[in-house]
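With numbering that gives the first Met the number 0 applied, the sequence shown covers 0 to 283. We put the CB at the ideal spot given by N, CA and C, even for glycine. Read through the structure below, which is laid out as structure tokens, and then see the notes.
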Amino acid sequence: MSNPVLDLPPGPPTPSWQEGEVRERRSASRRRWRRLALLAAGWVAMLAIWQLASYLLSPTVLPSPARVGDEMWEIVESGDFLEDFLASVGKTFAGFGVAAVVGAPVGYLMGRYTYWRGFFHDGVTVAGTIPALVYAVMSLIIFGLSDMGPILAVALVSAPYVAINVAEGIRGVDRSLVTMSKAFGRSQRQIRREVFVPTIVPFVFAAVRMSFAVAWKVEALTEVFGGSSGVGFQIRTQYQLFSIRGVLAWMLLFIAFMLIIERLVLRRLENRMLAWRPTERVGR
């Protein structure tokens, strides 16, 4: 007895790779617009709460968003913000440079050798747990009213992040790649350049992104305590004049431009540097 042949209804046609790519682009576009809508809704809600609070409180206690916005525009038009902002950014990145010069070699030794990991581990851990306020005060005690105070504070805050992340990156290197490289006659210098460095680059950027959010706050805080220039210095000046509107204006301008630097400079640089590793890229 022969088996009956069942006529199944034809299934949907298999989409081509071009159609799949178009669908993926549309899906990514919808996700991007959804994120932008949620971001805009968050800002609108925050401004609405601020407006309500300024209505319930005295304007001398909490100015309205419109009044603070007018003050921000006057500061930008006067040209004072650009000068002080560049001073603050310069000190922040100078501190990052010092942190990278110190933290990266320490992290490499911690991740590469057991002896150095035991030697540096407790010191780096303790340095990372010290409050940023302590670093700010200590830097001002050492250097006084100078630009070196904020630079040292940023370096002290950022160096532990750099060292820990570089060490984790080194420890995460695939040992089979190192063994294979040695088997093919690669020198130690080539192994460091072609195996270790590409592996730790994502960890370095992670350290920069984490410490950047803390470092610029520490830099501004150090300027508030004893700076002679920069946004923190201007915030202190407005505080001494009892101008809450001026304090909020300088603070919001600083936050806005730091967000621009983080998203348009650091994020783009990270995406460019990690283009060969799509899973590590940000902003997806």
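Legend entry - Option in S53, L85, P62 with minimal Cα separation from F253: Stepping through the sequence shown from its first residue, residue 253 is reached at position 254. Residue nearest to F253 within the set S53, L85, P62 is L85 (criterion: CA-CA distance).
Inset, instruction - Using alpha carbons as the reference points, say which of F142, E261, A248 lies closest to A65. - result: What you label residue 65 is simply residue 66 of the sequence shown in a count that begins at 1. Nearest to A65 by alpha-carbon distance, out of F142, E261, A248, is A248.
Inset, instruction - For the alpha helix (DSSP H) containing I311, list its first residue and its last residue. - result: Here the chain comprises residues numbered 0 to 283, so residue 311 is not present and cannot be evaluated.
Inset, instruction - Measure the CB-CB distance between G226 and V161 and report whether it falls below 8 Å. - result: Working through the sequence shown from its first residue, we reach residue 226 at position 227. Working through the sequence shown from its first residue, we reach residue 161 at position 162. Pairing G226 with V161 gives a Cβ-Cβ distance that is not under 8 Å.
Inset, instruction - Give the straight-line distance between the Cα atoms of R31 and A44, rounded to the nearest whole angstrom. - result: Taking the sequence shown and counting its residues from 1, the one referred to as residue 31 is at position 32. Taking the sequence shown and counting its residues from 1, the one referred to as residue 44 is at position 45. Roughly 20 Å between the two C-alpha positions.
Inset, instruction - Using alpha carbons as the reference points, say which of R244, E73, V153 lies closest to I129. - result: Residue mapping note: residue 129 aligns to position 130 of the sequence shown, counting from 1. If we check each option's Cα against that of I129, V153 comes out closest.
Legend entry - Alpha-carbon to alpha-carbon, S26 and V217: As a position in the sequence shown, residue 217 is number 218, starting the count at 1. As a position in the sequence shown, residue 26 is number 27, starting the count at 1. Going by the C-alpha atoms only, they are around 40 Å apart.
Inset, instruction - Drop a sphere of 10 angstroms on the beta-carbon of W42, count the other beta-carbons inside from all chains shown, and report buried for 16 or more, exposed for fewer. - result: Residue mapping note: residue 42 aligns to position 43 of the sequence shown, counting from 1. Burial call: exposed.
Inset, instruction - Could you check how far apart the C-beta atoms of V230 and D83 are, in whole angstroms? I think they sit under 8 Å. - result: By one-based count along the sequence shown, residue 230 stands at place 231. By one-based count along the sequence shown, residue 83 stands at place 84. 5 Å between Cβ atoms; contact.
Inset, instruction - Return helix, strand or coil for L151, following the three-state DSSP convention. - result: On the sequence shown, residue 151 is found 152 positions in, with the first residue counted as 1. Helix at L151.
Inset, instruction - Determine the direct distance from the alpha carbon of R244 to that of A98, and round the result to whole angstroms. - result: Numbered from 1 along the sequence shown, position 99 holds the residue referred to as residue 98. Numbered from 1 along the sequence shown, position 245 holds the residue referred to as residue 244. For A98 and R244, the distance between alpha carbons rounds to 35 Å.
Inset, instruction - Could you check which residue in A158, P201, I150 has the C-alpha nearest to that of S210? - result: Start at 1 with the first residue of the sequence shown, and residue 210 comes out as number 211. Across the set A158, P201, I150, the C-alpha of A158 shows the shortest separation from the C-alpha of S210.
Legend entry - Same chain, Cβ closer than 8 Å to A284, five either side skipped, listed in chain order: Nothing about residue 284 can be reported from this structure: the residues present for the chain run from 0 to 283 only.
Legend entry - Reduced DSSP secondary structure (H/G/I, E/B, other) of D121: Counting from 1 along the sequence shown, the entry for residue 121 is found at position 122. Note: D121 maps to helix in three-state DSSP.
Inset, instruction - Measure the alpha-carbon distance for E75 versus L258 and round it to whole angstroms. - result: Reading the sequence shown from its first residue, position 76 is the one you call residue 75. Reading the sequence shown from its first residue, position 259 is the one you call residue 258. Note that residue 75 is Val in the sequence shown, not Glu. Between V75 and L258, the C-alpha separation is close to 17 Å.
Legend entry - DSSP state of L83 mapped onto helix, strand, coil: On the sequence shown, position 84 is the one that residue 83 refers to. In the sequence on display, residue 83 carries Asp and not Leu. In the structure shown, the three-state DSSP call for D83 is helix.
Inset, instruction - State yes or no: is the C-beta of E167 within less than 8 Å of the C-beta of F204? - result: Locating residue 167 in the sequence shown gives position 168, where the first residue counts as 1. Locating residue 204 in the sequence shown gives position 205, where the first residue counts as 1. No, Cβ-Cβ distance for E167 and F204 is not below 8 Å.
Legend entry - Local conformation of G107 per DSSP, three classes: Counting from 1 along the sequence shown, the entry for residue 107 is found at position 108. Note on identity: in this sequence residue 107 is Tyr, with Gly being the wrong assignment. Helix at Y107.
Legend entry - Helix, strand or coil at F256 [DSSP, three-state]: Within the sequence shown, residue 256 is the residue found at index 257, counting from 1. Helix, per DSSP.
Inset, instruction - Identify, in the order they occur along the chain, each residue of the same chain with its Cβ nearer than 8 Å to the Cβ of L251, setting aside the five sequence neighbours on each side. - result: Sequence index remark: in the sequence shown, residue 251 carries index 252 (1-based). Shown here for L251: same chain residues with a beta carbon closer than 8 Å to its own, the five before and five after excluded, namely V67, M71 in chain order.
Legend entry - Candidates I234, R174, V207: closest to R266 by CA position: Along the sequence shown, one-based indexing puts residue 266 at 267. R266 has its Cα closest to that of V207, out of I234, R174, V207.
Inset, instruction - Indicate the three-state DSSP secondary structure (helix, strand or coil) for Y112 in the structure shown. - result: On the sequence shown, residue 112 is found 113 positions in, with the first residue counted as 1. Reduced to three states, the DSSP call for Y112 is coil.
Inset, instruction - Going by CA-CA distance only, name the one from G102, A52, I141, A39 that's closest to G127. - result: By 1-based counting over the sequence shown, the position of residue 127 is 128. Looking at the Cα atoms, G102 is the closest of the given residues.
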